[in-house]
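Asker: I have a structure here, written as structure tokens, and I will follow up with some questions on it.
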Amino acid sequence: MGRIPIRHLSPQQPEGLWPAKAWAGEVVPFAATIFREGHDQLGARLVLTSPAGTESRHSLAPGAPGTDRWGASVLLDGIGMWTWRIEAFSDDWATWLHNAEIKVPAGIDVELMFAQGAVLVKKAGKAKVFTDAARAFLDTSLSPAARLRVAEDPRLVTALAANPVESLTTTSPTIELRVERPRAGVGSWYEFFPRSEGSKQLKDGSWVSGTFRTAAKRLPAVAEMGFDVLYMPPIHPIGRSFRKGPNNTLVAGPNDPGSPWAIGAAEGGHDAIHPDLGTEKDFVYFLGQAKKNGLEVALDLALQCSPDHPWVTEHPEWFTTLPDGSIAYAENPPKKYQDIYPLNFDNDPEGIRQEILRVVEHWIRLGVSIFRVDNPHTKPVQFWEWLFGEVEQRHPGTVFLAEAFTKPAMMQSLAAIGFQQSYTYFTWRNTKVELEEYLFEVSRETSAVFRPNFFVNTPDILTEYLQFGGQPAYKVRAAIAATGSPSWGVYAGYELFENVARPGAEENIDNEKFEYKKRDWAEADKAGTTLAPYLRQLNVIRSQHPALRQLRNLDVHWSDDDSILVYTKYLAPQFTGTGTSDGIIVVANVDPHSVRETTVHLDPTRFGLEPGTSYQVTDLITGQVFTWGTDNYVRLDAFTEPVHILRIDYPKGS
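Throughout the sequence shown, residue numbering follows the numbering used here, covering 495 to 1148 in sequence.
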């Protein structure tokens, strides 16, 4: 414990074993609990050292009274490892001023107080502003009130801010903070199966697979909706043994393509491309077309094998052999995945590590810089820690998204050891209370480590909310995902309101995992039966409002209705690049079956305004303009526009 206690520093990982995380352009709140004995005034500052070794100092301000929390927010822009520490000190000038403002008007120790004040300003430096102040404090020809007013001289206040008079300076431990490229924390993801894009069904019922060349024709439409990451399920050869048929049936017909996650066949394994999709040259072409459309491509990294994978014969030791001599297939009782063998990472761990690193580097060399990792929670956390360390050294800037729908301890640990982003419980948080709690958790409690990616649906997940909520549910979920998290995602078909579930399952009937799916995008656009314009609108709003591309700035507010969710995102003018604050108010009717009228209650201090202030807001969905204050009437019709996304219209320079 230092002379002045400095405790509970944030952001940092709980055990301090790995650095906390941020991305370039993120506004990071730094904070610590600072206190001392007695009544003397304290001061504190943040000392930041950039990856280039440049040191900067930022004053900390006290937080809510009685909490002893001090904090400052800083926009971090340099990629690499930063370090930071807190310096706390006895603020001798603030202590003197506090006492003088009480004692001098009361006639208590007047000359002694001014003598102490003169000593302190002389200690601050030899500049004229300090010597003039010292002389005035000791000038008994002036009234005590006039002498005390010298302490309020703006020139003196400014000079003392630059040359603080302090003692008992105490320094906290130094903490690491890794700042990664912006895509590590910010992105709008779109998922499609390349084999479906451009596929054709022949008269005999068989199908011709789409290819990378035909799938590339879909990229402009994806970009037009404002998405900037295109994610594809595995593109590798698919095994024939135990291949699953439509709707996960156990028997596949001769023309059924099988699940892309049953990786490996005679044509190759994890470093090969399914011949129906094309060649490596075609894949590189696809990557180039994505780049031309402003899209990064995320590739699926699914560390499992079909029984036909070359690894099964070349490295049988990498799997679990049962007493009867067979290899154990994947299970998640009562689910069985007979078409998939999981790797056993405790059998030849070094061999498996080196092979997977080779596979990852193969795709990186072709131009892939983002990987969506399938079921990482079924592999040892220690393995991921090793892999990310190797990849970061060799290929800095690579992004890994964890598809781990599992217990919090595992999800948080995967994030702690290096996953840049994570799938979340957002999919199953649908009520007002559930969403309030979860938005607060991911933006405040876990944001130093865990970066959420709010996917609204996946090939595996079609929630009851979407099944039975109709078009309003699709709007609500997209609006909350796009505004509640800097990263969000959509699986193809969402814009067509595909909401019919396979009986007994929480996934679409005629699931694309097991068959080709032909979607008539042009007809939907022509008929106006697509959500694509709304998705584009959401992504345009995100692109225009930097507050929505931050994670740690979300504040939950209040409403009188148990189905009206209210939250804000705010960015102070010094961080927006425009010199004007950026504030967004989201009011969502999370009951997709109703019209709701209620009053919402806002704390304007959370978005840069004084209590009681009236201000203008513009609905970025409808264009309507309102004058709002602390308490505001709203009416949200789920069947027309269930969500207000309101821009706070700050005066210029505010």
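Backbone N, C-alpha and C define an ideal beta-carbon position, used for all residues, glycine too.
Quantities reported herein were computed from a predicted structural model and do not represent experimental measurements.
Across the region 665-672 and the region 568-582, are there enough close Cβ pairs to call them in contact, namely three or more that are closer than 8 angstroms?
Answerer: yes
Asker: Checking 7 angstroms against the spacing of the C-beta atoms, do T977 and V1080 come in under that value?
Answerer: The count along the sequence shown starts at 1 and reaches residue 977 at position 483. The count along the sequence shown starts at 1 and reaches residue 1080 at position 586. Taking 7 angstroms as the Cβ cut-off, T977 and V1080 qualify as a contacting pair.
Asker: With the cut-off set at 7 angstroms, would you say A898 and I834 are in Cβ contact?
Answerer: In the sequence shown, the residue the question calls residue 898 occupies position 404. In the sequence shown, the residue the question calls residue 834 occupies position 340. Contact: no.
Asker: Between the C-alpha atoms of L960 and G720, what's the straight-line distance to the nearest angstrom?
Answerer: As a working note, residue 960 is residue 466 in the sequence shown. As a working note, residue 720 is residue 226 in the sequence shown. Cα to Cα, the separation comes out at about 23 angstroms.
Asker: Using CA coordinates, which residue listed in V1089, I1139, T1070, I602 is at the minimum distance from G1147?
Answerer: Position 653 of the sequence shown holds residue 1147. Measuring from the Cα of G1147, the nearest candidate turns out to be T1070.
Asker: Quick check on D722: does DSSP put it in helix, strand or coil?
Answerer: Here residue 722 refers to the residue found at position 228 when the sequence shown is read from its first residue. Reduced to three states, the DSSP call for D722 is coil.
Asker: Do you know whose CA, among F1133, S1037, W878, R1129, lies nearest F894's CA?
Answerer: Position 400 of the sequence shown, counted from the first residue, corresponds to residue 894. Per the Cα distances, W878.
Asker: Alpha carbon to alpha carbon, how far is P658 from G496? Give it in angstroms, no decimals.
Answerer: For this step, residue 496 is matched to residue 2 along the sequence shown. For this step, residue 658 is matched to residue 164 along the sequence shown. The straight-line gap from Cα to Cα measures roughly 20 angstroms.
Asker: Smallest Cα separation from A1152: which of V644, K829, L654?
Answerer: An answer regarding residue 1152 cannot be provided, because it is not within the stretch 495 to 1148 covered by the chain.
Asker: Looking only at DSSP bridge pairs, what is L542 linked to?
Answerer: Within the sequence shown, numbered from 1, the residue matching residue 542 stands at position 48. Partner(s): S550, W578.
Asker: Tell me, which residues are paired with S916 by DSSP?
Answerer: Here the question's residue 916 lines up with position 422 in the sequence shown. Paired residues: A896, P946.
Asker: Going straight from the alpha carbon of P523 to that of S567, what length do you get?
Answerer: Within the sequence shown, numbered from 1, the residue matching residue 523 stands at position 29. Within the sequence shown, numbered from 1, the residue matching residue 567 stands at position 73. C-alpha separation (whole angstroms): 4 angstroms.
Asker: Among residues of its own chain, excluding the 5 on either side of P505, which ones have a beta-carbon nearer than 6 angstroms to its beta-carbon?
Answerer: The residue you call residue 505 lines up with position 11 of the sequence shown. Here the set comprises A514, A942.
Asker: Just to check my reading of the structure: A995 and L956 have Cβ atoms closer than 8 angstroms, yes? What is that Cβ distance to the nearest angstrom?
Answerer: Translated into positions along the sequence shown, residue 995 becomes position 501. Translated into positions along the sequence shown, residue 956 becomes position 462. Contact between A995 and L956 holds, with the beta-carbon distance rounding to 5 angstroms and staying under 8 angstroms.
Asker: Against chain B, does H764 count as a neighbour if the rule is that its beta carbon must be under 7 angstroms from one of theirs?
Answerer: Any reference to chain B falls outside this structure, which holds one protein chain only.
Asker: Is W857 close to the ligand FAD? I mean its beta-carbon at under 6 angstroms from any heavy atom of the ligand.
Answerer: The ligand FAD is not part of the structure shown, which contains no ligands of any sort.
Asker: When you compare the CB positions of P754 and P731, do they come within less than 7 angstroms of one another, or not?
Answerer: Within the sequence shown, numbered from 1, the residue matching residue 754 stands at position 260. Within the sequence shown, numbered from 1, the residue matching residue 731 stands at position 237. No, these two residues do not count as a Cβ contact at 7 angstroms.
Asker: Based on Cα-Cα distance, which residue from S820, Q832, T1024, P1040 lies nearest to E992?
Answerer: Position 498 of the sequence shown, counting from 1, holds the residue named residue 992. Of the candidates S820, Q832, T1024, P1040, T1024 places its Cα closest to the Cα of E992.
Asker: Report all residues from its chain with a CB closer than 7 angstroms to the CB of T1074; omit the five preceding and five following residues, and keep chain order.
Answerer: Here residue 1074 refers to the residue found at position 580 when the sequence shown is read from its first residue. Cβ within range, chain order: P1067, Y1144, K1146, G1147, S1148.
Asker: Could you tell me which residues DSSP puts in a beta bridge with S567?
Answerer: Within the sequence shown, residue 567 is the residue found at index 73, counting from 1. By DSSP's assignment, S567 forms a beta bridge with P523.
Asker: Bridge partners for A656 per DSSP, in chain order?
Answerer: As a working note, residue 656 is residue 162 in the sequence shown. According to DSSP, which records beta bridges pairwise, A656 is partnered with nothing at all.
Asker: Please state whether DSSP places Y779 in a helix, a strand or coil.
Answerer: Here residue 779 refers to the residue found at position 285 of the sequence shown. Three-state result, Y779: helix.
Asker: Under a three-way DSSP split, which group does D1131 fall into?
Answerer: Numbered from 1 along the sequence shown, position 637 holds the residue referred to as residue 1131. Look at D1131 here: in three-state DSSP terms it is strand.
Asker: Whose C-beta lies closer than 7 angstroms to the C-beta of S693 among residues of the same chain, with five residues either side of it excluded?
Answerer: Indexing the sequence shown from 1 puts residue 693 at position 199. So the qualifying residues of the chain are W701, V702, S703, G704, Y1010, K1012.
Asker: Would you kindly work out how many angstroms separate the C-alpha atoms of V745 and G739, rounded to a whole number?
Answerer: For the purposes of this step, residue 745 is identified with residue 251 of the sequence shown, where counting begins at 1. For the purposes of this step, residue 739 is identified with residue 245 of the sequence shown, where counting begins at 1. Their Cα atoms are separated by approximately 5 angstroms.
Asker: I'd like the ranges of any beta strand (DSSP E) spanning at least 3 consecutive residues and lying wholly in the region 807-845.
Answerer: Fully enclosed beta strand (DSSP E) runs of 3 or longer: 824-826, 829-831.
Asker: Let me check understanding here. Comparing Cα to Cα, which of A822, H1087, K597, L614 lies closest to P638?
Answerer: Start at 1 with the first residue of the sequence shown, and residue 638 comes out as number 144. When only C-alpha atoms are compared, the closest one is K597.
Asker: Could you say if the region 811-820 and the region 838-847 meet the contact criterion of at least three C-beta pairs nearer than 8 angstroms?
Answerer: yes
Asker: Can at least three beta-carbon pairs, one atom from the region 1044-1059 and one from the region 1094-1108, be found at a separation below 8 angstroms?
Answerer: In short, these stretches touch, since the Cβ pair count reaches three.
Asker: So what does S682 bridge to, in DSSP terms?
Answerer: Numbered from 1 along the sequence shown, position 188 holds the residue referred to as residue 682. W982, per the DSSP bridge assignment.
Asker: Just confirm the distance between the C-beta atoms of I767 and F780, as a whole number of angstroms; I'd bet it's less than 8 angstroms.
Answerer: Position 273 of the sequence shown, counting from 1, holds the residue named residue 767. Position 286 of the sequence shown, counting from 1, holds the residue named residue 780. Contact doesn't hold; Cβ gap of about 10 angstroms is too wide.
Asker: Let's see if you can read the secondary structure: which residues bound the alpha helix (DSSP H) around V927?
Answerer: In the sequence shown, residue 927 corresponds to position 433, counting from 1. It spans 926-934 - the alpha helix (DSSP H) in which V927 sits, taken as one unbroken run.
Asker: Within its chain, find whatever has a CB closer than 7 angstroms to the CB of N990; leave out the 5 residues flanking it on each side and keep chain order.
Answerer: The count along the sequence shown starts at 1 and reaches residue 990 at position 496. At residue 990 the sequence reads Leu, which differs from the Asn that was named. R1013, A1018, T1024, listed in sequence order.
Asker: Taking buried to mean at least 16 other C-beta atoms within 10 Å of its own C-beta, is V854 buried or exposed?
Answerer: Numbered from its first residue, the sequence shown carries residue 854 at position 360. The residue is buried, with at least 16 neighbouring Cβ atoms inside 10 Å.
Asker: Out of T1062, P599, N1126, A678, state which residue places its alpha-carbon closest to the alpha-carbon of P1091.
Answerer: Along the sequence shown, read from residue 1 onward, the residue named residue 1091 stands at position 597. Just to set this straight, residue 1091 is Glu in the shown sequence, not Pro. The shortest Cα separation from E1091 among T1062, P599, N1126, A678 belongs to N1126.
Asker: Let me know if K873 comes out buried or exposed under the rule of 16 or more other beta-carbons within 10 Å of its beta-carbon.
Answerer: Within the sequence shown, the letter at position 379 stands for residue 873. Buried is the call here.
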